[in-house]
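Following: one structure in structure tokens, then a few remarks.
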Amino acid sequence: MTKFTFRHLKIFPILFVIYSLPGLAKIQEFETTRMKSTAGTGVGSILMDEATILNPAPIAFFNVGSVYLSKGSAENRESNTVVQDSDHLGIIVSDAKGNTAGSFSYQSQSFGNQKRKRLAAALSSPIRKKSAMGVSLRRTTDEVIGGDKNEYLQTVVGITHAVSQEFTIGFVAFDPLKKRADDSLGIFGGQYVYQDFISIMADAGANYYKELGESFLYRGALQFKLMDDFYARAGYFRDMGKEEKGTGAGLGWVQPRLVIEAAIKNTENVSNKNIAKVSETSFSLSYRF
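Take the sequence shown: its letter number 14 is residue 0 in our numbering, and every next letter is one higher.
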């Protein structure tokens, strides 16, 4: 039998630090700056740079190319100290000039001792005059520094329909092949634009392999057109599956060829108040050609 000595006590402070670090539980799903400003809302919106991130379908409604770059970081709000090595980088290249629109993205994230890299590609095509369908494929590598590495391949299927010029709806199925059970989500979304001044967005969905009450999520956001080229956004989300809720806000400057976005997003755990609130900031540039 191994004798317990004082030397063994040295491990307890190390274990305590590892298991009590607030706000470092897991890496959040990558979001563009615009998505952070709306707290993730946008399944029913007509978005281009988000084709490999959210709904792959609506990129078919565009007729331009795009190069997108985003950079951001995370902050532990309770201790008011920046979590070291907590940041994200996103590079997205899209081309929607042909009959079939496509997009490719590289995403790199780190959060505490965790790292994630993802390559994703999306294709979308009109299926009717006012409808489009898209599919994206993404390969993800998750790694714990000094620990395990996990690689997996997932698909995302999306549909977008323009009911009218003001009202659009969409549906997206994440990981329908159940490569990772917690990622298998079906989400409906809609967006209504009132007099080209205010946009109302809402999403709702759940994990289709779990009970509704265990995984239901909903999100809502508003966008205001301040001037001809400035937009302000704010959103809220609640995710029962992840036991999280939060808010987002941001500003966008939109020109025919250049789009600049800045956003913040705050997330907190609703079941464990000891887990620190995380505040994310994000900045992006998108050039259209």
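Each residue gets a CB set at the ideal place from its N, CA and C atoms; glycine is no exception. This one's a predicted model, so the numbers in the text were calculated from it and none came from an experiment.
- Annotation for Ile113: Met119 place their beta carbon closer than 7 Å to its own, counting only its chain and skipping 5 residues before and after.
- Taking each of Asp35, Ile184, Glu36 and Lys12 in turn and checking the Cα distance to Glu152, the smallest one comes out for Ile184.
- Burial is judged here by how many other beta carbons sit within 10 angstroms of a residue's own beta carbon; Ile39 has at least 16 and is buried.
- For Leu55, the enclosing beta strand (DSSP E) has its first and last residue at Gly51 to Asn62.
- Less than 9 Å separates the beta-carbon of Val149 from that of Lys116.
- It is roughly 20 Å from the alpha-carbon of Gly144 to the alpha-carbon of Asp225.
- Checking the DSSP bridge columns, you'll see Ile184 partnered with Tyr180 and Phe210.
- The alpha-carbon of Tyr217 is positioned some 43 Å away from that of Asp134.
- For the 9 Å CB-CB criterion, Gln93 and Leu109 do not form a contact.
- Taken in chain order, the complete beta strand (DSSP E) segments of 3 or more residues contained in the segment 96 to 168 are 100 to 114, 117 to 130, 135 to 148 and 153 to 160.
- Taking the CA atoms as reference points, Leu271 sits about 6 Å from Tyr54.
- Residue nearest to Tyr204 within the set Leu212, Glu36, Lys211 and Gly176 is Gly176 (criterion: CA-CA distance).
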